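In my numbering, the protein residues as written are 14 to 143.
1. In chain order, what residues of the same chain have a beta carbon less than 8 Å from the beta carbon of residue 49, not counting five sequence neighbours either side?
2. In terms of alpha-carbon separation, which member of 35, 51, 55, 44 lies closest to residue 143?
3. Does the pairing of the region 105-121 with the region 82-96 give three or more beta-carbon distances under 8 Å?
4. Count the other CB atoms, across all protein chains shown, that sit within 10 Å of the CB of residue 124; report buried if there are 16 or more and exposed otherwise.
5. Closer than 8 Å is the cut-off here; do at least three beta carbon pairs connect the region 124-143 with the region 28-44?
6. Just to confirm the assignment, what range does the beta strand (DSSP E) spanning residue 110 have?
7. Pull up the distance between the alpha-carbon of residue 32 and that of residue 82, whole angstroms please.
8. What ranges does the beta strand (DSSP E) occupy inside the region 48-96, keeping only unbroken runs of at least 3 residues that lie completely in it?
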């Protein structure tokens, strides 16, 4: 398989998306949340997708595995994506700030307080750690 590396211990196929997930996990603001029992996610700067998440986030969002979560898309016109896009530009990169985020679960919406931080990615890319 071109572009894929098979991992002997886990049986997982590693591709560019897996490498990006590992690169994000290695960032100092993100790494401590890898095994945290609280959900933690890194959203794209436009709020339309999740780039990284821990196991607690999978359970929180009801996804069976990380691949399904990374494939999930959020409407850019939805309240969460609009708020995250604004936060990507406005949040500090050197410390967390508590923000109220509106998550939709089908017809149910929940407003939750979350520690958020902007992340500067390669080039001019931005992301939001939630």
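Note that the Cβ used here is the ideal one computed from N, Cα and C, for glycine as well. Everything numeric in this text was worked out from a predicted model, so none of it was measured.
Short version:
1. 67, 69
2. 55
3. yes
4. exposed
5. yes
6. 110-118
7. 16 Å
8. 54-57, 63-66
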